[in-house]
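Numbering (UniProt numbering), first residue to last: 1 to 330.
Where is the CB? At the ideal position from N, CA and C, for every residue including glycine.
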């Protein structure tokens with residue numbers, strides 16, 4: 001028996017959620033629907049121009065969103081990410097632990113906690129302007145090996161592959177997981193992330209991964225093939241277990257090369273797609289660590305994702321703990 005279901009590691013970012021209009025994004029010249037890395041000055045100017053808009057704060061980052069949704073489903077976990085001893089850093093720790101995830105990484109005493117301005121338009125698309133701040137200084141020394149070894153899965157986000165010290169933290173987490181019999185789950189995070197590090201992602205998938213999460217566009221980026229089906233087959237040739245989301249079409253999963261499709265759940269009103277993939281991963285990881293079959297795990301992932309797209313931001317306001325049997329059946 002493992003003490004934690006999942007050991008998560010990724011960028012620790014405070015999400016600043018702001019509802020806005022298409023015209024605002026166009027006026028500022030940002031590409032709608034994608035994540036753009038910006039410096040602190042640029043992000044500050046955007047926030048100044050949003051002074052009159054309502055804002056909400058959430059502890060975030062892709063893997064952190066997954067960990068929080070895992071706890072919401074009833075799972076247990078610990079998270080590794082870097083913050084500083086500033087207001088945002090204090091908020092981050094308190095918010096993670098309030099959500100039910102252990103967060104004990106020693107904060108830095110200089111720099112700024114990373115922040116992500118999430119601009120959500122009426123069509124539910126989110127445009128993210130991210131200043132990574134101190135999160136890029138996460139190192140292998142921040143990885144608590146005792147907690148890692150006490151976990152059933154490690155869960156690593158692809159965004160960490162953008163910095164030298166965070167790469168080392170990724171590799172250490174994966175290598176120590178393999179040594180300790182902890183299964184390695186890796187999310188490709190973003191098609192742009194895949195394109196930047198395609199050969200590395202292929203290598204990581206083949207050498208370390210027990211489970212890969214991706215969406216259709218990320219799979220296409222990795223395979224270099226425009227076909228959804230062929231792209232999934234390619235990723236499945238690298239890793240025994242692959243979970244690929246396909247928007248409202250639900251998700252596909254591959255188990256040792258055998259591919260199956262699991263339908264999604266209907267959504268009354270699509271409000272915000274922020275965190276949909278992260279919540280899908282949370283549902284799957286909850287299922288796999290609680291004795292569900294892969295198909296049932298994917299179905300629970302689809303349900304958790306269907307709930308988050310009906311809310312603003314990547315945090316569920318409804319508690320899903322204990323509702324698996326009601327939603328999925330026995």
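Whole-number beta carbon distance between residue j and residue i, since they are thought to touch under 8 Å
{"i": "residue 252", "j": "residue 241", "result": "No, residue 252 and residue 241 are not in contact; Cβ-Cβ is about 12 Å, not under 8 Å."}
{"i": "residue 188", "j": "residue 63", "result": "Not confirmed; about 12 Å, so no contact."}
{"i": "residue 130", "j": "residue 165", "result": "Contact doesn't hold; Cβ gap of about 18 Å is too wide."}
{"i": "residue 14", "j": "residue 92", "result": "6 Å"}
{"i": "residue 236", "j": "residue 223", "result": "Residue 236 to residue 223, Cβ: 10 Å. No contact."}
{"i": "residue 66", "j": "residue 276", "result": "That pair is no contact at about 11 Å."}
{"i": "residue 250", "j": "residue 263", "result": "4 Å"}
Opposing strand residues paired with residue i [DSSP bridges]
{"i": "residue 35", "result": "128"}
{"i": "residue 214", "result": "244"}
{"i": "residue 155", "result": "8, 185"}
{"i": "residue 261", "result": "252"}
{"i": "residue 18", "result": "119"}
{"i": "residue 79", "result": "8"}
{"i": "residue 84", "result": "108"}
{"i": "residue 323", "result": "The partner list for residue 323 (beta bridge, DSSP) is empty, contrary to what the question assumes."}
{"i": "residue 102", "result": "78"}
Selection from the options that minimises the alpha carbon distance to residue i
{"i": "residue 194", "options": "161, 165, 4, 139", "result": "161"}
{"i": "residue 153", "options": "93, 175, 89, 4", "result": "4"}
{"i": "residue 10", "options": "243, 157, 165, 248", "result": "157"}
{"i": "residue 7", "options": "205, 321, 109, 174", "result": "174"}
{"i": "residue 205", "options": "291, 170, 181, 93", "result": "170"}
{"i": "residue 89", "options": "109, 77, 245", "result": "109"}
{"i": "residue 95", "options": "58, 39, 83", "result": "58"}
{"i": "residue 20", "options": "128, 78, 111, 82", "result": "128"}
{"i": "residue 210", "options": "313, 230, 177", "result": "177"}
Coil, strand or helix - residue i by DSSP
{"i": "residue 3", "result": "coil"}
{"i": "residue 313", "result": "coil"}
{"i": "residue 89", "result": "helix"}
{"i": "residue 287", "result": "helix"}
{"i": "residue 177", "result": "helix"}
{"i": "residue 114", "result": "strand"}
{"i": "residue 59", "result": "strand"}
{"i": "residue 13", "result": "strand"}
{"i": "residue 150", "result": "coil"}
{"i": "residue 53", "result": "coil"}
{"i": "residue 270", "result": "coil"}
{"i": "residue 318", "result": "coil"}
{"i": "residue 195", "result": "helix"}
{"i": "residue 226", "result": "coil"}
{"i": "residue 163", "result": "coil"}
Checklist entry - Does the count of Cβ pairs from the region 44-55 and the region 93-102 closer than 8 Å reach three? => result no
Next on the checklist: When you compare the region 110-129 with the region 146-153, are there three or more beta-carbon pairs, one atom per stretch, that lie closer than 8 Å?
Outcome noted: no
Checklist entry - Is the region 212-223 touching the region 180-194, taking contact as three or more C-beta pairs under 8 Å? => result yes
Checklist entry - If you pair each beta-carbon of the region 282-296 with each one of the region 20-37, do three or more pairs fall below 8 Å? => result no
Next on the checklist: Does the contact criterion of 3 or more C-beta pairs under 8 Å hold for the region 299-317 versus the region 56-74?
Outcome noted: Contact between the region 299-317 and the region 56-74 is present, because at least three Cβ pairs lie under 8 Å.
Checklist entry - Hey, is the region 255-274 in contact with the region 122-136, meaning 3+ C-beta pairs nearer than 8 Å? => result yes
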